[in-house]
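Please read the structure below before turning to the comments.
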Amino acid sequence: MCDGRPEGERAGDVPVGHVLPGEAPVDQVPAGDVPVDVPVGDVPGGGAGVRDVPGGGAGVRDRRAGGAPGGRSPEEAREVGVGPWPGGPDAWPRLAGPGSPLDPRYDPELLAHGDRRNVVDRYRYWTVEAVVADLDTRRHPFHVAIENWAHDLNIGSVVRTANAFNAAGVHVVGRRRWNRRGAMVTDRYLHVHHHPDAAALVAWAAGAGPDGGRLPVVGLDNVPGSVPIEGYRLPRACVLLLGQESTGLTPEAQAACDVVLHITQHGSTRSLNAGAAAAIAMHTWALTHATPTP
Ligand SMILES: C[S@@+](CC[C@H](N)C(=O)[O-])C[C@H]1O[C@@H](n2cnc3c(N)ncnc32)[C@H](O)[C@@H]1O
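Using the working numbering, you'd call the opening residue of the sequence shown number 87 and step up by one each time.
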């Protein structure tokens, strides 16, 4: 199993709404524990879920009291995603007109009940498999790897950013189990891999490049000997490797990197939040190499 779910749990086991076993449904999350920019909640019933909660927890508390965050009316808060496909089953998208088989990209459940997921409009009503298959046709050839990260929300934010930039894969080095709440379900639409340590990641990269060649490993950290990312041309196919939230890249990881890049800072903090640094690095890659989404 490469996606870190508990043994025996298939990816498809997670119902729409993504409240994993042992996980607290979103509306029971204690105040302040919800990431600030929670997008459309994949919660059964749509509107009753989390929606753009400025300031995190408090908004959730408001919701339970029936209020809507950000001063929106309950009606506005319920306009999340889309309702059932207009015109009912007779109007559902089919392969060759009325009476022909349903277009297999579409999920009859979503067509019938609406789609409130955190997906872009082009994928509304599509099955997860169809979305993944479409994304796979145009994955960007860079991977992002995180070494020994301790905070689930940071891991979740990297997964979400990697989804946004359609990375070929996310590699969690060290931990196998992590709480996916922070990923906002984006992990279901991309490939998440696990490696016990940096040496295993490097061994994987040795044969993961185009045509089975070696994939360069680009370290991100502000350590002695690192060079500025600004103006550095990132390889099109590569692994962007980020270090642990407090101690950074291990010496083994640094030694295994083709180059270590730092994001130039101008203030007093020693470093950026690791998730933020990952986002900057992925955006830097995209500025140079990204192909426009059709
Ligand atoms: C919060 S930093 C901690 C380590 C950092 N070297 C320090 O001494 O504070 C954790 C990770 O975030 C990333 N990071 C944070 N600031 C960065 C910067 N300015 N340039 C590149 N990566 C950075 C790196 O991957 C780093 O390993």
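Ideal placement from N, C-alpha and C gives every residue a C-beta, glycine not left out.
Asked                                                                                                                                                                                           : Found
Unbroken alpha helix (DSSP H) runs of length 4 or more, entirely within the segment 199 to 271: which are they?                                                                                 : 214 to 222 and 238 to 250
Hey, how far is the Cα of Leu221 from the Cα of Leu358?                                                                                                                                         : 30 angstroms
Measuring only the C-alpha atoms, how far is Ala372 from Gly185?                                                                                                                                : 43 angstroms
Considering Cα atoms alone, identify which of Gly255, Val259, Ala365 and Val278 is closest to Arg266.                                                                                           : Val278
Going by Cα to Cα distance, which pick from Gly167, Thr379 and Thr374 is closest to Phe228?                                                                                                     : Thr374
Any contact between the segment 333 to 349 and the segment 280 to 299? By contact I mean 3 or more CB pairs, one from each, below 8 angstroms.                                                  : yes
If we call anything under 9 angstroms between Cβ atoms a contact, is Ala365 one with Val244?                                                                                                    : yes
Would you mind listing the beta strand (DSSP E) stretches within the segment 302 to 328 that are 3+ residues and don't spill past its ends, in chain order?                                     : 303 to 306 and 324 to 328
Roughly how many angstroms lie between the CA atoms of Trp264 and Val313, to the nearest whole one?                                                                                             : 32 angstroms
Decide if Ala219 is buried, meaning its Cβ has at least 16 other Cβ atoms within 10 Å, or exposed.                                                                                              : exposed
Assuming Val288 is part of the alpha helix (DSSP H), what are its boundary residues?                                                                                                            : Ala284 to Ala291
Just to confirm, is the Cβ distance from Val304 to Cys324 under 9 angstroms?                                                                                                                    : yes
Run through DSSP, which three-state label would Arg180 get?                                                                                                                                     : strand
With burial defined as no fewer than 16 other Cβ atoms inside 10 Å of the residue's Cβ, what is the status of Ala291: buried or exposed?                                                        : buried
Given this structure, state the Cα-to-Cα distance separating Pro107 from Gly268, to the nearest angstrom.                                                                                       : Residue placement at Pro107 is poorly supported in this model, since its pLDDT is 44, which falls under 50; the coordinates still yield a value, given next. Roughly 16 angstroms separates the two Cα atoms.
Measure the CB-CB distance between Asn240 and Gly260 and report whether it falls below 9 angstroms.                                                                                             : no
Which term fits Asp273, buried or exposed, when burial requires 16 or more other beta carbons within 10 angstroms of its beta carbon?                                                           : buried
Could you tell me whether any non-hydrogen atom of ligand 1 is closer than 8 angstroms to the CB of Glu316?                                                                                     : no
Please work out which residues of its chain come closer than 6 angstroms, Cβ to Cβ, to Ala368, disregarding the five sequence neighbours upstream and downstream, and give them in chain order. : First, the amino acid is wrong: residue 368 is Met here, not Ala. Correct list, in chain order: Thr247 and Phe251.
Decide if Arg322 is buried, meaning its Cβ has at least 16 other Cβ atoms within 10 Å, or exposed.                                                                                              : exposed
In this structure, how does DSSP classify Gly334 when only helix, strand and coil are distinguished?                                                                                            : strand
Which residue's Cα is closest to the Cα of Pro194: Val206, Asp207 and Gly169?                                                                                                                   : Gly169
Check for me: the alpha helix (DSSP H) holding Leu373 runs from which residue to which?                                                                                                         : Ala360 to His375
Provide the residue span of the beta strand (DSSP E) that contains His348, from first to last.                                                                                                  : Val345 to His348
Between Arg202 and Gly167, which are expected to be in contact by the criterion C-beta below 8 angstroms, what is the C-beta distance as a whole number of angstroms?                           : 4 angstroms
Regarding Ala236 and ligand 1, is the C-beta to nearest heavy atom distance less than 8 angstroms?                                                                                              : no
Please classify His257 as buried or exposed, where buried requires at least 16 neighbouring CB atoms within 10 angstroms.                                                                       : buried
Go ahead and pull the three-state DSSP assignment for Pro378.                                                                                                                                   : coil
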